[in-house]
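**Q** Attaching a single structure in structure tokens format; questions to follow.
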Amino acid sequence: MSIQIRPAQPSDAPQILAFITELADYEKARHEVIASVTDIQRSLFSEGSTAHGLICLRDGVPIGYAVFFFSYSTWLGSNCLYLEDLYITPDQRGGGAGKTLLRHLAKIACDNDCGRFEWSVLDWNTPAIEFYKSLGAQPQEEWVRYRMDGKVLRDFANGN
């Protein structure tokens, strides 16, 4: 069975949203998914979009996806690739698709002179952590990620 990786296309938006929902179910956060197919089409495929998508297929059938964007490191003085999501359907895991998708992303990072390739993983997701470590990735435990969203973000932006 062959694995292919291709850039996502606007017609993939329903499949991408389905994968996002499956991932959210796995991460016990389905209630946080508010994106629609229209949101995916706009955010990934409109002119000037800063996010990019990939579709992973096995024998022509979509089995996963990745969404990524380029960030910047002042310390390195170079672009970096940040992986927002990587997902392979559970029945297709263990067959090399995840590694193939990560390798494809690593090549994109290298082709774009990125100094880093980074992503986050939930601290309880032991299978993913072990998988990433098996590839040579190392956790960055000295950094704590912070977030503002929703009302907190709007209030702060408005000076409240």
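In UniProt numbering, the protein residues as written are 1 to 160.
Cβ atoms here follow ideal geometry from the backbone N, Cα and C, with glycine treated the same way.
Since this is a predicted model, take the numbers as computed values, not measurements.
Of all the options Glu-141, Arg-42, Tyr-82, His-31, which has the alpha carbon lying nearest to the alpha carbon of Pro-10?
**A** Comparing Cα-Cα distances from Pro-10 to each of Glu-141, Arg-42, Tyr-82, His-31, the minimum goes to Arg-42.
**Q** Could you check which residue in Thr-50, Cys-56, Ile-40 has the C-alpha nearest to that of Arg-103?
**A** Cys-56
**Q** Rounded to a whole number of angstroms, what is the C-alpha to C-alpha distance between His-31 and Leu-44?
**A** Distance between the alpha carbons of His-31 and Leu-44 is about 22 Å.
**Q** Please report the Cβ distance between Leu-122 and Glu-27, rounded to the nearest whole angstrom; I am assuming they are in contact, meaning their Cβ atoms lie under 8 Å.
**A** Contact holds; Cβ gap of about 6 Å.
**Q** Look up Arg-6 in the DSSP assignment and give the residues it is bridged to.
**A** Ile-55
**Q** Buried or exposed: Ile-40, going by 16 or more other Cβ atoms within 10 Å of its Cβ?
**A** buried
**Q** Consult DSSP for Tyr-146 and reduce its assignment to one of helix, strand or coil.
**A** Per DSSP, reduced to three states, the secondary structure at Tyr-146 is coil, with no helix or strand assignment.
**Q** If you run the structure through DSSP and keep just helix, strand and coil, what is Leu-23?
**A** helix
**Q** Between the beta-carbon of Ala-8 and the beta-carbon of Gly-53, is there less than 8 Å?
**A** yes
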